[in-house]
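Trainee: Each residue of the sequence shown is one higher than the one before, starting from 273 at the first, in the numbering used here. All C-beta atoms in this analysis are idealised placements derived from N, C-alpha and C, irrespective of residue type, glycine included. This structure is a prediction, so every number in the text was calculated from the model and none was measured.
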Amino acid sequence: GFAWTPPGFDNKFVIRAGYRFSTFLEGTGANLRLPLNPPFFAESDITYDARTPGDIRVGFADLVTVRPTLDGPRTGANPALQGRAWDLNLRPQFTNQFNFATEYMISNSTSVTAAYVGQRGTHLVVPHEANQPLPGTGPFNTWAPINDRRPLARVLPNLGNIALTESSGTMWYNSLQLSGRQRMRHGLELLAAYTFSKTLTDNLGYYGCGNVASDGAYWQNAYDRRANYGPACFDTPHNFTVGGVYELPIGKGKAFAPGNRIVDLIVGGWSLNYFVSAHTGFPVTVNAGAHQANTGQSVRGNVRANYYRPLPKPATRTVDRWFGPVDTIFCSQNGVDNGTCSYGLPALGQFGSAGVGTERAPGFFNLDMSIGKKFYVTERHYVDFRMETFNTLNHVSFGPPGRDMTAPATFGQITNQVGNARNIQFGLKYYF
Numbered sequence: 273g274f275a276w277t278p279p280g281f282d283n284k285f286v287i288r289a290g291y292r293f294s295t296f297l298e299g300t301g302a303n304l305r306l307p308l309n310p311p312f313f314a315e316s317d318i319t320y321d322a323r324t325p326g327d328i329r330v331g332f333a334d335l336v337t338v339r340p341t342l343d344g345p346r347t348g349a350n351p352a353l354q355g356r357a358w359d360l361n362l363r364p365q366f367t368n369q370f371n372f373a374t375e376y377m378i379s380n381s382t383s384v385t386a387a388y389v390g391q392r393g394t395h396l397v398v399p400h401e402a403n404q405p406l407p408g409t410g411p412f413n414t415w416a417p418i419n420d421r422r423p424l425a426r427v428l429p430n431l432g433n434i435a436l437t438e439s440s441g442t443m444w445y446n447s448l449q450l451s452g453r454q455r456m457r458h459g460l461e462l463l464a465a466y467t468f469s470k471t472l473t474d475n476l477g478y479y480g481c482g483n484v485a486s487d488g489a490y491w492q493n494a495y496d497r498r499a500n501y502g503p504a505c506f507d508t509p510h511n512f513t514v515g516g517v518y519e520l521p522i523g524k525g526k527a528f529a530p531g532n533r534i535v536d537l538i539v540g541g542w543s544l545n546y547f548v549s550a551h552t553g554f555p556v557t558v559n560a561g562a563h564q565a566n567t568g569q570s571v572r573g574n575v576r577a578n579y580y581r582p583l584p585k586p587a588t589r590t591v592d593r594w595f596g597p598v599d600t601i602f603c604s605q606n607g608v609d610n611g612t613c614s615y616g617l618p619a620l621g622q623f624g625s626a627g628v629g630t631e632r633a634p635g636f637f638n639l640d641m642s643i644g645k646k647f648y649v650t651e652r653h654y655v656d657f658r659m660e661t662f663n664t665l666n667h668v669s670f671g672p673p674g675r676d677m678t679a680p681a682t683f684g685q686i687t688n689q690v691g692n693a694r695n696i697q698f699g700l701k702y703y704f
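Quick look at the structure:
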């Protein structure tokens, strides 16, 4: 990186730029480790009589151990095992970070900054279903059974899903970041920041995002990973924060009435701290959950709806119908566009055409504050009183709405909140 001040600006205007390259390998959780494959891992099953439970003195000697093999015949109508695999060409993640910023000093205590910040990630570690059934031939009702159409059905008939760990994921992050800072002056300190950004990726990773109605970790169609390229589960275009402190300029050590003990006792030493956080809603992926069986191929879920046109903005949004009336959103027939609907169910044997994150959940707003005062007993001894409020305005920030179009009764319905109700706490300290 470097910093440069144009001639004649007397260090009040600075241009900075930087670039960073890094590499690392992300973990994938305990569930996808190779030792969980047979013969290293075996399942045991036993049903105890409720009146005569197992005897701890014999340990697990009475368990019935089932040890099916991957290449053995099926023990039932469906495969009994699922496998874990790692790509032999697994590569560490490559991350390129770059930025360009300008900073201008308005006064000795006030400055503003504008910056472009970007990040490009390749070879991200992702899960991949490596034994997804292939589509059948002819009419859908004549397709062979789903497990007979798996690529490994002939050589490993007792093997169903395969969780393949590979490094094929990608991501892009681009942002405009603005900030302003007022250093402590006349009792006021302030820091405000605004970010306009976009984060795109083709996989949300193993750990996903909490309280977000995004897509799942596995691709809708294992043979079409590009169809999952869209907003990341944590993407929020507008993000604003402001925080600071304000001290009343009255009383001991202040500009007004610094020697008046009565004024200092009543109004001197009071300070206000505040922090505001607000951002637009996270992406919502419209799913077609009950259509999974009708694809004849999906074994990992995450089946999306068909997308035809943008969803009309409703006249009013409510927690029961965040996206508006359901009858204006869905097409009445599978795979048929009626010319006005926004979403519909895919045709039999097909995956949905909708991308990930095509809609948005409600935004978020929160204000935390604290008010405090120092009561001086002597020059060096004082009592510090503080009242802190979290979610001061008791503002409700709603969670993501229902997004399964095969459940019209709950589509667009919000049933949870993000954050807690207002909380007030008091503190009292004696300093000596």
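Since R356 is in the beta strand (DSSP E), which residue starts that stretch and which ends it?
Mentor: Looking up residue 356 in the sequence shown gives position 84. Start and end: L353 to W358.
Trainee: Whole angstroms is fine: what's the gap from Q404's alpha carbon to L396's?
Mentor: As a working note, residue 404 is residue 132 in the sequence shown. As a working note, residue 396 is residue 124 in the sequence shown. In a straight line, the C-alpha of Q404 is about 21 Å away from that of L396.
Trainee: If you draw a straight line from the alpha carbon of N511 to that of W358, how long is it in whole angstroms?
Mentor: Here residue 511 refers to the residue found at position 239 of the sequence shown. Here residue 358 refers to the residue found at position 86 of the sequence shown. Using only the alpha carbons, I get a separation of about 38 Å.
Trainee: Determine the closest residue to N419 out of G348, R392, Y376 and S294, with distance taken between C-alpha atoms.
Mentor: For the purposes of this step, residue 419 is taken as residue 147 along the sequence shown, with counting starting at 1. Taking only the C-alpha atoms, the option nearest N419 is G348.
Trainee: Between the segment 647–655 and the segment 571–579, can you find at least three pairs of beta-carbon atoms closer than 8 Å?
Mentor: Judged by Cβ distances under 8 Å, the segment 571–579 makes no contact with the segment 647–655, as fewer than three pairs qualify.
Trainee: Going by DSSP, what residue range makes up the beta strand (DSSP E) through D640?
Mentor: Sequence index remark: in the sequence shown, residue 640 carries index 368 (1-based). Segment F636 to Y648, the beta strand (DSSP E) holding D640.
Trainee: By how many angstroms is the C-alpha of L431 removed from the C-alpha of R346?
Mentor: Stepping through the sequence shown from its first residue, residue 346 is reached at position 74. Stepping through the sequence shown from its first residue, residue 431 is reached at position 159. Distance between the alpha carbons of R346 and L431: 8 Å.
Trainee: Closest to P429 by C-alpha separation, out of P417, A386 and Q391, would be which residue?
Mentor: Residue mapping note: residue 429 aligns to position 157 of the sequence shown, counting from 1. That would be P417, whose Cα lies nearest to the Cα of P429.
Trainee: Apart from the five residues just before and just after T493, which ones in its own chain have a Cβ nearer than 8 Å to its Cβ?
Mentor: On the sequence shown, residue 493 is found 221 positions in, with the first residue counted as 1. Reading off the sequence, residue 493 comes out as Asn, not Thr. Taken in chain order, the residues that qualify are Q404, A499, Q569, S570 and F623.
Trainee: Can you have a look at K706 and say buried or exposed, based on whether 16 or more other CB atoms are within 10 angstroms of its CB?
Mentor: No answer is possible for residue 706: it lies beyond the span of the chain, which begins at 273 and ends at 704.
Trainee: DSSP state of F657, grouped into three classes?
Mentor: The count along the sequence shown starts at 1 and reaches residue 657 at position 385. Strand, per DSSP.
Trainee: Compare the C-beta of G561 against all C-beta atoms of chain B and say whether one is closer than 8 Å.
Mentor: No chain B appears in this structure, which consists of one protein chain only.
Trainee: Residues in its own chain within less than 7 Å of L476 by CB, not counting five upstream and five downstream?
Mentor: Start at 1 with the first residue of the sequence shown, and residue 476 comes out as number 204. Once the five neighbours on either side are set aside, the close Cβ partners of L476 are S486, D487, A489, A504 and C505.
Trainee: To the nearest angstrom, how far is the alpha carbon of A587 from that of D609?
Mentor: Stepping through the sequence shown from its first residue, residue 587 is reached at position 315. Stepping through the sequence shown from its first residue, residue 609 is reached at position 337. So the alpha carbons of these two residues sit roughly 24 Å apart.
Trainee: How about Q365 and S447: are their beta carbons less than 8 Å apart?
Mentor: Translated into the one-based positions of the sequence shown, residue 365 becomes position 93. Translated into the one-based positions of the sequence shown, residue 447 becomes position 175. Going by C-beta atoms, Q365 is not nearer than 8 Å to S447.
Trainee: Applying the criterion that 16 or more other CB atoms from any shown protein chain within 10 Å of the CB defines a buried residue, is A626 buried or exposed?
Mentor: Along the sequence shown, read from residue 1 onward, the residue named residue 626 stands at position 354. Under this definition A626 is a buried residue.
Trainee: Roughly how many angstroms lie between the CA atoms of E461 and T385, to the nearest whole one?
Mentor: Counting from one through the sequence shown, the residue named residue 461 turns up at place 189. Counting from one through the sequence shown, the residue named residue 385 turns up at place 113. E461 and T385: Cα-Cα distance of roughly 16 Å.
Trainee: Count the other CB atoms within 10 Å of the CB of I601; is the residue buried (16 or more) or exposed (fewer)?
Mentor: In the sequence shown, residue 601 corresponds to position 329, counting from 1. I601 comes out buried.
Trainee: Taking only three categories from DSSP, how would you classify N578?
Mentor: What you label residue 578 is simply residue 306 of the sequence shown in a count that begins at 1. Looking at N578 - three-state DSSP - the assignment turns out to be strand.
Trainee: Can you look up N371 in the DSSP assignment and give me helix, strand or coil?
Mentor: Looking up residue 371 in the sequence shown gives position 99. Three-state DSSP puts N371 in a strand.
Trainee: If P634 and F670 are in contact, beta carbons under 8 Å, what's the gap, nearest whole angstrom?
Mentor: Taking the first residue of the sequence shown as 1, we reach residue 634 at position 362. Taking the first residue of the sequence shown as 1, we reach residue 670 at position 398. Contact flag correct, Cβ pair sits at about 4 Å.
Trainee: Could you spell out the range, first to last residue, of the alpha helix (DSSP H) harbouring A633?
Mentor: One-based indexing of the sequence shown puts residue 633 at position 361. No alpha helix (DSSP H) contains A633, which DSSP labels as neither H nor E.
Trainee: So, at 6 Å on beta carbons, what are the nonlocal neighbours of Y291 in its own chain, with the 5 sequence-adjacent residues on each side left out?
Mentor: For the purposes of this step, residue 291 is taken as the residue at position 19 of the sequence shown. Same-chain partners within the cutoff: F370.
Trainee: What residue does the alpha helix (DSSP H) around Q564 start on, and which one ends it?
Mentor: In the sequence shown, counting from the first residue as 1, residue 564 sits at position 292. From DSSP, the alpha helix (DSSP H) with Q564 extends over Q564 to T567.
Trainee: Starting from A535, trace the alpha helix (DSSP H) both ways and give me its first and last residue.
Mentor: Taking the sequence shown and counting its residues from 1, one reaches residue 535 at position 263. The question names Ala, but residue 535 in the sequence shown is Val. Its alpha helix (DSSP H) spans residues R533 to I538.
Trainee: With distances taken from CA atoms, which of D343, T473 and M456 is nearest G393?
Mentor: Start at 1 with the first residue of the sequence shown, and residue 393 comes out as number 121. Ranking D343, T473 and M456 by Cα distance to G393 puts T473 first.
Trainee: Got a sec, what are the start and stop residues for the beta strand (DSSP E) E651 sits in?
Mentor: Here residue 651 refers to the residue found at position 379 of the sequence shown. Here E651 belongs to no beta strand (DSSP E), and DSSP marks it neither H nor E.
Trainee: Here's the rule: buried if 16 or more other CB atoms are within 10 angstroms of the residue's CB, otherwise exposed. What is F704?
Mentor: Working through the sequence shown from its first residue, we reach residue 704 at position 432. The residue is exposed, with fewer than 16 neighbouring Cβ atoms inside 10 Å.
Trainee: Would you please state the rounded distance, in angstroms, between the beta carbons of V548 and L520? I believe it to be under 8 Å.
Mentor: Here residue 548 refers to the residue found at position 276 when the sequence shown is read from its first residue. Here residue 520 refers to the residue found at position 248 when the sequence shown is read from its first residue. 21 Å between Cβ atoms; not a contact.
Trainee: With DSSP run on the structure shown, which of helix, strand or coil describes D343?
Mentor: Locating residue 343 in the sequence shown gives position 71, counting from the first residue. It is coil, neither helix nor strand.
Trainee: Looking at the unbroken beta strand (DSSP E) that takes in M443, where does it start and where does it end?
Mentor: Taking the sequence shown and counting its residues from 1, one reaches residue 443 at position 171. Its beta strand (DSSP E) spans residues L431 to R457.
Trainee: Does DSSP classify R693 as helix, strand or coil?
Mentor: In the sequence shown, the residue the question calls residue 693 occupies position 421. In the sequence as displayed, the identity of residue 693 is Ala instead of Arg. Coil, per DSSP.
Trainee: Kindly identify the DSSP beta-bridge partner or partners of P399.
Mentor: Start at 1 with the first residue of the sequence shown, and residue 399 comes out as number 127. The partner list for P399 (beta bridge, DSSP) reads T437.
Trainee: If you drop the 5 nearest sequence neighbours on each side, which residues of the same chain put their C-beta closer than 6 Å to that of V591?
Mentor: Here residue 591 is taken as the residue at index 319 of the sequence shown, counted from 1. Within the same chain, V591 has close Cβ partners I686.
Trainee: Determine the direct distance from the alpha carbon of R422 to that of L353, and round the result to whole angstroms.
Mentor: On the sequence shown, residue 353 is found 81 positions in, with the first residue counted as 1. On the sequence shown, residue 422 is found 150 positions in, with the first residue counted as 1. Cα-Cα distance, rounded: 14 Å.
Trainee: Please give the ranges of any beta strand (DSSP E) in the segment 472–555, keeping only runs that are unbroken, at least 3 residues long and fully inside the region.
Mentor: Runs of the beta strand (DSSP E) inside the segment 472–555: 510–519 and 543–551.
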